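Heads up, the thing below is written out as structure tokens.
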């Protein structure tokens, strides 16, 4: 049962365009907690976050959330959380609606024992860290490498040389790793026993996975040649899963809210 608004903390999301912050907005929608949004924009020339974000957290990155406990006395400093995995675990642990976003942890009769965790929970915990620790670095390298071939980024006279280097990085590093990631995710969907990565119910891990998968859906095919001519044909379960995530009510609500606040939303790496 959801708590009244008086019992819930005050949450503020510091949102940056072109960042992972949109999935945290989706998480907050699923948690049914009232929250404020402070919007920041990247420098259009450098694409870096504005220095104002460093006032919120020393690294000046996004997403960041601040959490002020309900009933906190005046002058109480809010708790500031950075890193998507940490804030997801913290919010799901402390907010009532978070329980439905986390699979049951223990097998019956195995509570507290090594190896007593359910398969769904182990997948969930792995994916919370996998999304940022393994999947995103490959996509970031792909993004940076693609800039070496971009007319907007590289002068014409040196672009043939940088393009050769970029193509070599893509073929020898990025694409082989992209295939590994897509195979892994495809196998998780095949064996989850449901439509989502951990079963037949949406979890916070699905929400964290939404950013890299939705943002990369139009980029996979630029990384190399897939069987059938496209990544979606070689990995149909992943393609269907991405469409499922985009159709989720909480995701749509998060997009609608930022469109109302900022005028537009484009999922991008």
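Numbering (the numbering used here), first residue to last: 30 to 298.
Ideal placement from N, C-alpha and C gives every residue a C-beta, glycine not left out.
Every value quoted in this text rests on a predicted model; they were computed, and no experiment measured them.
List the endpoints of the continuous beta strand (DSSP E) containing residue i.
{"i": "residue 109", "result": "108-111"}
Between which two residues does the alpha helix (DSSP H) holding residue i run?
{"i": "residue 246", "result": "That residue, residue 246, is in no alpha helix (DSSP H); it is neither H nor E in DSSP."}
{"i": "residue 36", "result": "Neither: residue 36 is in no alpha helix (DSSP H) and is coded neither H nor E."}
{"i": "residue 283", "result": "278-291"}
Our contact map puts residue i next to residue j with C-beta atoms below 8 Å; I'd like the distance itself, whole angstroms only.
{"i": "residue 199", "j": "residue 127", "result": "Not quite, the Cβ-Cβ distance comes to about 39 Å (not below 8 Å), so this is no contact."}
{"i": "residue 267", "j": "residue 226", "result": "Their Cβ separation, rounded to whole angstroms, is 10 Å, which puts residue 267 and residue 226 out of contact at 8 Å."}
{"i": "residue 116", "j": "residue 287", "result": "About 18 Å; that fails the 8 Å criterion."}
{"i": "residue 297", "j": "residue 51", "result": "In fact, because the Cβ distance is near 10 Å, the residues do not count as touching under 8 Å."}
{"i": "residue 90", "j": "residue 78", "result": "6 Å"}
{"i": "residue 93", "j": "residue 107", "result": "The pair is not a contact, with the Cβ atoms about 11 Å apart (cut-off 8 Å)."}
Regarding residue i and the ligand NAD, is the C-beta to nearest heavy atom distance less than 6 Å?
{"i": "residue 259", "result": "The ligand content of the structure shown is nil, which means the ligand NAD is not present either."}
Per DSSP, which residues does residue i bridge with? Please list them.
{"i": "residue 146", "result": "135"}
{"i": "residue 40", "result": "64 and 96"}
Rounded to whole angstroms, what's the CA-CA distance from residue i to residue j? Just pull it up for me.
{"i": "residue 47", "j": "residue 139", "result": "43 Å"}
{"i": "residue 41", "j": "residue 101", "result": "15 Å"}
{"i": "residue 239", "j": "residue 271", "result": "7 Å"}
{"i": "residue 175", "j": "residue 181", "result": "11 Å"}
{"i": "residue 231", "j": "residue 36", "result": "25 Å"}
{"i": "residue 87", "j": "residue 166", "result": "22 Å"}
{"i": "residue 104", "j": "residue 38", "result": "15 Å"}
{"i": "residue 281", "j": "residue 273", "result": "11 Å"}
{"i": "residue 158", "j": "residue 217", "result": "15 Å"}
{"i": "residue 43", "j": "residue 194", "result": "37 Å"}
{"i": "residue 365", "j": "residue 112", "result": "With the chain represented from 30 up to 298, any question about residue 365 goes unanswered, as that position is not in the structure."}
{"i": "residue 224", "j": "residue 235", "result": "11 Å"}
Entirely enclosed alpha helix (DSSP H) segments - the segment 156-210, minimum 4 residues
165-176 and 188-198
Ordered list of alpha helix (DSSP H) runs contained in the segment 43-110, each at least 4 residues
50-60
Note down, one range per segment and in chain order, each alpha helix (DSSP H) of at least 4 residues found wholly within the segment 213-266.
233-245, 249-252 and 260-263
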